[in-house]
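The structure appears below as structure tokens.
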Amino acid sequence: MKSTLPSLRRVGAVAVAGTLVASGLLGAPTQATPSASASPEAATSLAERLGDRTAGVYADHNGTMIITVTDETTARQVRTEGATPKLVTRSAAQLRAATAELEQSAKVPGTAWWTDPATNQVVLSIDSTITGDKLTQVQKAAARTNGAVRIEARAGALSTDVIGGEGIWNHRYRCSLGFNVKTSPNSYYFLTAGHCITGTESWYGNSSRTELIGPALHKSFPGDDYGIVYSQNGKQDYGHVKVGNSWRDITASGDAYVGQDVTRTGSTTGTQSGTVVAINATANYAVGPVYGLVVTTICSAGGDSGGPIFAGNTALAIHSGSQGGGCPNDNARGFHQPVGEALAAYGVYAY
240 MKSTLPSLRR
250 VGAVAVAGTL
260 VASGLLGAPT
270 QATPSASASP
280 EAATSLAERL
290 GDRTAGVYAD
300 HNGTMIITVT
310 DETTARQVRT
320 EGATPKLVTR
330 SAAQLRAATA
340 ELEQSAKVPG
350 TAWWTDPATN
360 QVVLSIDSTI
370 TGDKLTQVQK
380 AAARTNGAVR
390 IEARAGALST
400 DVIGGEGIWN
410 HRYRCSLGFN
420 VKTSPNSYYF
430 LTAGHCITGT
440 ESWYGNSSRT
450 ELIGPALHKS
460 FPGDDYGIVY
470 SQNGKQDYGH
480 VKVGNSWRDI
490 TASGDAYVGQ
500 DVTRTGSTTG
510 TQSGTVVAIN
520 ATANYAVGPV
530 YGLVVTTICS
540 AGGDSGGPIF
550 AGNTALAIHS
560 GSQGGGCPND
570 NARGFHQPVG
580 EALAAYGVYA
590 Y
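Right under this line is the structure:
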């Protein structure tokens with residue numbers, strides 16, 4: 240990481256002509272059985288091989304990776320492979336069925352849902368706009384899952400946290416720069432939230448919109464929430480993100496896991512930390528749903544969109560929206576677009 244940094248936000252530079260094209264666009268479980276502690280990567284890999292014999296993976300409060308299983312035979316296999324099993328009552332198929340019920344019957348703006356592997360349930364999170372007939376609708380949908388879904392109510396409205404971030408402006412919004420990225424020939428770009436981008440508009444490095452960065456190239460929103468911009472004003476050789484009054488060098492990208500401690504930064508609420516509570520979540524914004532999101536306990540406010548979510552030196556996600564009010568807020572939920580999907584779509588990588 241460089242010791243002398245510009246006062247402006249991090250930007251990337253384009254070194255190729257033309258445009259960049261996306262390549263494609265409960266029951267009461269028993270206690271976990273003590274065993275060896277597998278790494279997050281090893282536990283995730285094992286869970287993928289187990290398929291429907293596991294209902295989820297998470298890190299407990301000690302940082303031990305737990306693999307949920309529905310039978311003792313699978314639990315023995317997990318122990319044999321050096322991981323920690325936990326017997327639960329609902330299978331992955333049952334949790335998928337509960338999620339499908341919500342997708343069919345509770346897809347109302349202001350709702351979000353995700354699987355909570357620690358409780359072996361699907362969480363249906365509702366904001367303060369879910370009242371009257373809408374509340375009755377989602378309550379009936381949850382009731383049809385025979386206890387597989389639990390409802391959690393949160394203050395405020397579920398929304399994309401637009402108009403904010405760390406110093407990038409277009410003609411309409413101010414948003415956060417997420418991560419500097421580049422292609423193998425060292426062409427530099429940056430990622431931000433897709434809902435910040437309106438088309439192929441120009442982006443600027445100041446509120447008076449006199450310091451031109453360059454045009455947006457592409458966005459995916461709703462469905463996803465990521466977009467990419469390049470700069471025509473000179474490359475940046477570092478891929479750092481802001482942490483309080485200092486900087487953190489980003490050297491790689493990865494996938495978030497439940498129970499992981501993570502950090503988010505944005506210009507409105509600054510640097511905030513929290514824990515991953517879910518992956519592969521759905522958020523039903525007013526403009527449409529976004530799928531496959533990371534959910535954290537990190538608070539945010541209007542002004543934090545597009546900001547980076549990271550752990551250590553690893554890029555994990557781009558901030559999308561929130562539920563539960565601004566900061567500070569112990570009841571908040573943040574929704575974040577996994578960065579890996581955007582990197583793969585554009586053929587770029589964090590550095």
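Under this note's numbering, think of the first position of the sequence shown as 240, with each following residue one higher.
No residue lacks a Cβ here, since even glycine has one placed at the ideal position from N, Cα and C.
query = Quick one, which of V526, A495, N519 and A554 has its alpha-carbon nearest V480's?
reply = As a position in the sequence shown, residue 480 is number 241, starting the count at 1. Of the listed residues, the one whose Cα sits closest to V480 is A554.
query = What's the call for G364, buried or exposed, on a 16-neighbour Cβ count within 10 Å?
reply = For the purposes of this step, residue 364 is taken as the residue at position 125 of the sequence shown. The amino acid occupying residue 364 in the given sequence is Ser; Gly does not appear at that position. Flag for S364 reads buried.
key: Endpoints, beta strand (DSSP E) assigned at D299   = Numbered from its first residue, the sequence shown carries residue 299 at position 60. Element bounds for D299: n/a, residue is neither H nor E.
query = Would you call the region 530-549 and the region 378-395 in contact, with 3 or more CB pairs under 8 Å?
reply = no
query = Which of the three DSSP states, helix, strand or coil, is assigned to Y588?
reply = Residue numbering aside, residue 588 sits at position 349 when the sequence shown is read from its first letter. Y588 falls in the strand class under three-state DSSP.
inquiry  = Can you tell me which residues form a DSSP beta bridge with A511?
reply    = Numbered from its first residue, the sequence shown carries residue 511 at position 272. First, the residue type needs correcting, since residue 511 is Gln and not Ala in the sequence shown. In the DSSP output, where bridge partners are listed per residue, Q511 has R503.
task = Mind checking which residues open and close the alpha helix (DSSP H) that includes R222?
result = Nothing can be reported for residue 222: it is not among the residues displayed for the chain, which extend from 240 to 590.
inquiry  = Spatial neighbours of S344 within its chain, please: C-beta separation below 6 Å, excluding the five flanking residues on both sides.
reply    = Residue 344 sits at position 105 when you count from the first residue of the sequence shown. Closer than 6 Å at Cβ, skipping near neighbours: A380.
message = Please classify E340 as buried or exposed, where buried requires at least 16 other C-beta atoms within 10 Å of its C-beta.
response = As a working note, residue 340 is residue 101 in the sequence shown. A residue is called buried when at least 16 other Cβ atoms come within 10 angstroms of its Cβ; E340 meets this threshold and is buried.
key: Where the beta strand (DSSP E) containing S284 begins and where it ends   = Here the question's residue 284 lines up with position 45 in the sequence shown. Careful: S284 lies outside any beta strand (DSSP E), inside the alpha helix (DSSP H) at P279 to L289.
query = Under 8 Å, do I489 and W442 count as touching if we go by C-beta distance?
reply = Indexing the sequence shown from 1 puts residue 489 at position 250. Indexing the sequence shown from 1 puts residue 442 at position 203. The answer is no: Cβ separation not under 8 Å.
task = Please report how far the alpha carbon of P454 lies from the alpha carbon of Y469, in whole angstroms.
result = What you label residue 454 is simply residue 215 of the sequence shown in a count that begins at 1. What you label residue 469 is simply residue 230 of the sequence shown in a count that begins at 1. In a straight line, the C-alpha of P454 is about 6 Å away from that of Y469.
ask   = Do M304 and A332 have their C-beta atoms within less than 8 Å of each other?
value = Your numbering for residue 304 matches position 65 in the sequence shown. Your numbering for residue 332 matches position 93 in the sequence shown. No, the pair does not count as a contact, with Cβ atoms beyond the cut-off.
ask   = For P577, which option in G483, G371 and G546 has the closest C-alpha, if you only look at C-alpha atoms?
value = Here residue 577 refers to the residue found at position 338 when the sequence shown is read from its first residue. For the residues G483, G371 and G546, the minimum Cα distance to P577 belongs to G546.
ask   = Are D500 and T514 closer than 8 Å when you measure CB to CB?
value = In the sequence shown, residue 500 corresponds to position 261, counting from 1. In the sequence shown, residue 514 corresponds to position 275, counting from 1. Yes. Within cutoff.
query = Three or more C-beta pairs closer than 8 Å, one from the region 292-302 and one from the region 342-359: is that the case here?
reply = Touching, yes, given that three or more Cβ pairs across the two stretches are closer than 8 Å.
request  = Have a look at S415, Y496 and S330 and flag the residue whose alpha-carbon is nearest the alpha-carbon of D299.
outcome  = In the sequence shown, counting from the first residue as 1, residue 299 sits at position 60. Here the closest residue by C-alpha is Y496.
Exposure of H410, with buried meaning 16 or more beta-carbon neighbours within 10 Å = Working through the sequence shown from its first residue, we reach residue 410 at position 171. Burial call: exposed.
request  = Give me whichever residues DSSP pairs with E391 in a beta bridge.
outcome  = As a first step, residue 391 must be located in the sequence shown, where it is residue number 152. In DSSP, E391 forms a bridge with S364.
task = Go ahead and label A351 buried or exposed: buried means 16 or more other beta carbons lie within 10 angstroms of its beta carbon, across all protein chains shown.
result = Taking the first residue of the sequence shown as position 1, residue 351 is located at position 112. Buried, by the Cβ-count rule.
ask   = Excluding the five sequence neighbours on either side, which residues of its own chain have a C-beta within less than 8 Å of the C-beta of V308, listed in chain order?
value = Sequence index remark: in the sequence shown, residue 308 carries index 69 (1-based). Once the five neighbours on either side are set aside, the close Cβ partners of V308 are L289, R292, T293, A294, A314, V317, P324, K325, L326 and V327.
inquiry  = Spatial neighbours of Y336 within its chain, please: C-beta separation below 8 Å, excluding the five flanking residues on both sides.
reply    = Looking up residue 336 in the sequence shown gives position 97. Here residue 336 turns out to be Ala, not Tyr, going by the sequence shown. Result list for A336: T384 and A387, in chain order.
ask   = Based on the DSSP secondary-structure assignment, which residues constitute the bridge partners of I306?
value = Position 67 of the sequence shown, counted from the start, is the residue given in the question as residue 306. Answer by DSSP bridge pairing, in chain order: V296 and P324.
message = Just list the residues that DSSP pairs S459 with in beta bridges.
response = Walking along the sequence shown from the start, residue 459 turns up at place 220. Answer by DSSP bridge pairing, in chain order: Y465.
ask   = D494 by DSSP, collapsed to three states: which one?
value = On the sequence shown, position 255 is the one that residue 494 refers to. Residue state, collapsed to three classes: coil.
message = What does the alpha-carbon distance come out to for the pair G596 and V420?
response = Examination of residue 596 is not possible in this model, given that the chain is present from 240 through 590 alone.
inquiry  = Checking 8 Å against the spacing of the C-beta atoms, do G498 and S415 come in under that value?
reply    = Taking the sequence shown and counting its residues from 1, the one referred to as residue 498 is at position 259. Taking the sequence shown and counting its residues from 1, the one referred to as residue 415 is at position 176. Taking 8 Å as the Cβ cut-off, G498 and S415 do not qualify as a contacting pair.
task = Give a yes or no on whether the C-beta atoms belonging to F549 and S561 are separated by under 8 Å.
result = What you label residue 549 is simply residue 310 of the sequence shown in a count that begins at 1. What you label residue 561 is simply residue 322 of the sequence shown in a count that begins at 1. No, these two residues do not count as a Cβ contact at 8 Å.
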